Structure formats: structure tokens, C-alpha cells
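In the UniProt record's numbering, the protein residues as written are 1 to 703.
Each residue gets a CB set at the ideal place from its N, CA and C atoms; glycine is no exception.
Quick caveat: nothing in here was measured; it's all calculated off a predicted structure.
A short worksheet on the structure shown next.
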């Protein structure tokens, strides 16, 4: 056991070269000038500003309690921290055991390298709250550290640190005995709450604090045993290890969630012995599962227990401030614009990647001959080969421009509306009922088509304001099929997109919109829920596990298969209504007439013409689109969104790293160790100056 000589402290403090430029600048920024000597120094208020920035999160520690550290840094008890003192203080904070050394220096009043028992007891009595649970410093536990003689032995740094580590447990033991009046080993939940709030509030989250009384629910009775209290304390002491175990176990789980058994199995692999008892695991899962009774918990659930910075934001006025209505509306507009822009880019990308398949699909669906000899194409592969042979490779991209122009708003609307409606229905725990997923998908599919058709019959609406998805779809289809006559007709007229628009007229541009609606609503209602469940259930996506591009592509492609094939009949009807009928072919007069005519002339199988091509087109297209959409969201987050997620999502989704190497972080951890003595430590309030001057000189007094 080694003492810490005062000479070592002076040598370290005088080594100003070890002070970083940032630390020196922080001192100079907050220091004031001594009117007599002209030297810069920090008074108590300036010191708090330097070591505890106003914009930091102080968790359960009061900012004014950082004055405790001032008395550590003020080595000479002058009420001033000079640059030399500041350098020494920063050097202490850089040590691996800074938290314990700060506490030791606080109680080493005479700066001799040891803590006097009488001074330690006196300082504790001065700082403890008036209503605090009493603590007997003459107990057997204290005598084991300081001896039983009249003159207690002084404690060096190592002895003091070890005593401080066990102090909280002894406080809890004495408090339990105080409230266990009849000695049956049980106390009431309200007494347990008081014990924990006075001994460990600064280490707990709001979630645990608000539900302390529920600990009695882990047993059949209505009281809390000493075993429960000890198990609870052990979980608090080992929070860092618990978090490590939870992280590793969740990382191995397919869905990012674990059960109590999986936690204990992982704990047995990490620790040499079975460190956590079944009761300790019960307590951890009890508090983590209060809002998730399924028994399978993820980091979202454990964060509310293990992260002391977690706050109940709905009740914290300092964080959950109501935003002005104007600001909220502006944010919603910007958020929708952001989603729309990303959806447009992602939709155009997905459409371009599979456009040749889309062209083949359209031409196959437009074939009306029931007799093989009357067909232009025998199958999708034959169609693909003939397009290349007759029209060249560029023929596969006939009508691609209006498709890209049209699919951008179409997919943007679909993605934006789906996200919006899902957000409305998603519960606070992040889950959503499957029927609400279907409604969100159906609403997304309906918005891209139906608005255009409905507005067509509203005379008050300017035609320039009508949705362009269906018009661009019909232009694309007519451009796709016009090239297939190049082999049969000499010099067929080559129509441009503008000619088709002028020829169709406004009403003609919305021909087949009802079939579009009939196709896109069920397609999206099937696709989006399937896509989200594939990501979550097949690939294990969670708030802590982001999927790669290949997994996103696979999820999108698989989800598109049933959605594409089951809606093929509606797509066939839409194509027939939108394609210009050639000489000798049937003219369709509406949705029902088209369906009945196809069934009568070509049979039921005709409704699934181009079905394989539609799967080959829609499946990868939506895979590319959704993958691109999510990649873009991660690559280009909405301005201001990253900071908001960082400040709130820690509470909602993931645990934060506990080690903070900054001086502020080490100072905060040092205070938490000191607060194990009493929650009110550092809140000194004296009725008169005489009481203040009675304090030790190291605390600003004169004695």
C-alpha cells in the first residue's frame, strides 16, 4: 500500500506543459483577473462553468454539486484555482483511477496523503441531508477499516478507495434493518423506494425510479425481502458488465432480442463463475419488460434500465417542450419534401434497372390472338429476342423517358404515404398491428393513382394541378408497343410522347385509371407489409442491426413476387384499356367490358399473360427502389435529424457507451462515487457566515 506524497502532487501540478491547448483555453475563457496581482483564477462559479458546461446532460446530478470538485482543485484553500491548480486537477482527471482519487483528495483535508477518520465523519455529517436515513459510523463494518481504538487509524489511498467501494452496501444494510421493525426480513415497497432513492438515485434511469415499488411483484407477497434488495444492488453495481452481456447476447440473436435464459447462458460464457444469480436476472428482466410482456427483450428495453441518462421524456418538461404549431407544420412539410425527393431518385433508379423487362411484359399482355399462329411472340424470351433483332438494344428502352419522369412522383408518393401512415399507426413501443400495415400499404398505392382520376371530374380544379402518374403510364405503354409493328408494316409512323399526349386529350390520358387503382392498392397492401416482415423476421433487422444492401434487395425482391403475380389480372386490364386498339381488334369501353371481353375471347388464362415477366420486372424493381430509398436515407439524413436521433433515440432504441474520457465525463463519474455517501453531498446550505467559517480550510472555511 503506497501513500501519495505531496511532492508528487506539486511536481505534477507544476508541469504546465502537460496541459492541453483546449484545457488551457477553457481555463482562460472562464477565468477572472485578480485585481491585486493581475493573475487569472477561477472562483467557485467560474470553476463550475469550466468543468461543467451548461449544455451538457447532468443526468441525476445537480450542476451546482460540481462545486465539490472546486474544493479538490483549490489545493491551498484560498478560494481561487490558479492555472497551476487547474493543471494539477486536469492531470488527476487523466488518470485511470481518477474517480477514486478525486474522492480521496476531497477527504484528505490536510493534504498529507491520508484521510483522517474524524475529518471524514465530520465532512459527511455536514453534507448529508437533514431527512436522510441515519448511518452509524461506529458500526462493526467501519471498525474493520479504521480499527476499534479510541484514536482510529488514518486511511491511505488504497484503503480509503476500498472502503468507499463497500460503503453503499453498508448504508443499504443499515437502512433495511431500520425499516424492518419486526425483524422478519421484509420491508414495505415505499421503504425500499426511499432506501434506493437516497443511496443510488444518481445511478438509475427515470424508468427504474418510477417503478421501484413494483419490485415486490417478482414474488407472491406484497413486501420486499433483503434478498431482493441485495440482488437489486448487485445489478446496479455491475451495470457495465450486464450491458456487455446484453449486447453480446442480442448480437447473436436473429431478431436482436433475448430471453432470461439466453442472458444467463451468455453471462456464463463471459464470466469465470456464474456471477449473476437467478434472482438478479429476474430483477433485470422485470424492470426491462414492464412495457414488453412477451419475455423477449432487445436493447431498446434494456436501455431503460441500464442507462442512467435515460429519461421519461413524456414527463420531462425540460426536454419534451411543446413545439410551436408553425414550427411543427414547417417540419412536417420539410420532412415530406425530403422523403419525396429521396423516393423520386430511388423510384427512377429502380425503374431504369428493370425497364427492358417492363417493355417485354407490356407487349406480352397486349397480345390478343388466342391462336398460336396469330401471336407475335411465343413467350417472354421470344419477345425479348425479337425486340433486339427488330429494334436493336435501344428498342428495349422505348418510352423510358416518360417512365422515369412518371415513376419518380409515383414511387415518391407511394413511399412517402406508406411511411406517413405507418408512423400514425405505430405504437410507442415501435410495433404495429398487421392490419394497419395493410392499410398503410393500400393507402400508398391508392394515392398514386386515384387522385388524378377523381380530380378529372372536378371542374374547379385547374388541370395543371392534376396528378400525372396515369397519363405518363399510358404514354409509356403506347411508346413501348409501337415498335412491334416495324416488321409487319413498311414505314410505320413513329409517334413521339408529345404527339400521343395531344392525340389522347386530357380525358384520354386518364383512361384505365380505375384499373390502375384496382392494381396498385392491393399490390402495395401486399408488398409493404411483406417487405417489412421479411426484413425483421428473415434477416433480423432491429434498431441495433441495420441490413446491408444485398439483404434489402433480397427482401424487396421476395416481397414483390406474390404482390406482382396476384395483381396481374388488373394489370392486364389496365394495359388493354390504355393501348391503342389495332384494326380488327376489340375496342374496350370500360373496366367491366374489358374484363368480360378478355374472358369470353381468350379465356381465364389470358388474365395472367405476362405474369412471369411482371414478377421479373416488379420484384427486382421494388427491390432496387426500396434498397436505394433506405441507402439514401442513411447516406443523406434529413438536416437536423441526426442530432435529434442522437439525443432521443438513445432512450428509445440503443444503449450509450458508458466510458467518457473527457474531463467532464470523468468529473461526473467522480461525483457519482462521492454521491454514494449521500444524495445531498455538495448542497451545503448554512444559515449564517459563522457556520461557513467553521468548515475546514479546504472547503473554503477558516478552521
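If one requires a minimum length of 4 residues, the alpha helix (DSSP H) runs lying completely within the region 375–430 are 380–391, 400–425, in chain order. Taking the Cα of residue 519 as reference, the smallest distance to any Cα among 539, 541, 559, 573 is reached at 573. Note that the C-beta distance between residue 295 and residue 261 is not below 7 Å. Counting only residues of its own chain and dropping the five nearest sequence neighbours on each side, residue 677 has a CB closer than 7 Å to the CB of 124, 167. Distance between residue 217 and residue 631, taken at the CA atoms: about 45 Å. Under the DSSP assignment, residue 191 falls in the alpha helix (DSSP H) whose first and last residues are 189–200. Scanning 78, 52, 194, 112 for the CA closest to the CA of residue 666 turns up 52. Beyond the five residues adjoining it in sequence on each side, residue 527 comes within less than 7 Å, by CB distance, of 441, 559, 560, 563, 622 in the same chain, given in chain order. Shown here, residue 32 sits in a strand according to DSSP, grouped into three states. From the listed residues 69, 587, 252, the smallest Cα separation to residue 672 is found for 69.
When rounded, the separation of the alpha-carbon atoms in residue 516 and residue 398 is 21 Å. Annotation: residue 184 to residue 198 spans about 23 Å, alpha carbon to alpha carbon. The Cβ neighbour count for residue 177, taken over all protein chains shown within 10 Å, is under 16; the residue is labelled exposed.
Secondary structure note for residue 237: its alpha helix (DSSP H) is the uninterrupted segment 226–237.
Here the C-alpha atom of residue 100 lies approximately 31 Å from the C-alpha atom of residue 285. The straight-line gap separating the alpha-carbon atoms of residue 360 and residue 384 is approximately 6 Å. By the beta-carbon neighbour count (other beta carbons within 10 angstroms, threshold 16), residue 354 is buried. Comparing C-alpha distances from residue 149 to each of 157, 156, 140 shows the shortest one belongs to 140. Buried is the label assigned to residue 257, since at least 16 other Cβ atoms lie within 10 Å of its Cβ.
DSSP places residue 531 in the helix class (H, G or I) of the three-state scheme. For residue 433, there is no enclosing alpha helix (DSSP H), as DSSP marks it with neither H nor E.
Pairing residue 270 with residue 231 gives a Cβ-Cβ distance that is not under 7 Å.
Going by DSSP, residue 121 is part of the alpha helix (DSSP H) stretching over 117–127. Out of 567, 597, 423, the CA that lies nearest to the CA of residue 618 is found in 567. Taking each of 146, 114, 211, 133 in turn and checking the Cα distance to residue 179, the smallest one comes out for 133. Where residue 596 is concerned, the enclosing alpha helix (DSSP H) starts and stops at 591–602. Taking every protein chain shown into account, the CB of residue 358 has 16 or more other CB atoms within 10 angstroms, so this residue is buried. Linking residue 263 to residue 281 through their CA atoms gives a straight-line distance of about 8 Å. Runs of the beta strand (DSSP E) lying entirely within the region 241–307, each at least 3 residues long, are absent. With 16 or more other CB atoms across the displayed protein chains lying within 10 angstroms of its CB, residue 127 is buried. Exclusion of the five residues before and after residue 235 leaves 242, 280, 283, 284 as the residues of its chain whose Cβ lies within less than 7 Å of its Cβ.
Close CB contacts of residue 675 within its chain, under the 6 Å cut and outside five residues either way in sequence, are with 202, 681 (chain order). The region 79–92 and the region 106–125 do not touch, with fewer than 3 CB-CB distances between them shorter than 8 Å. Inclusion of residue 365 and residue 597 in the CB contact set at 7 Å is not warranted, their separation being larger than that value. Where residue 86 is concerned, the enclosing alpha helix (DSSP H) starts and stops at 83–93. In the structure shown, residue 636 adopts coil according to DSSP, grouped into three states.
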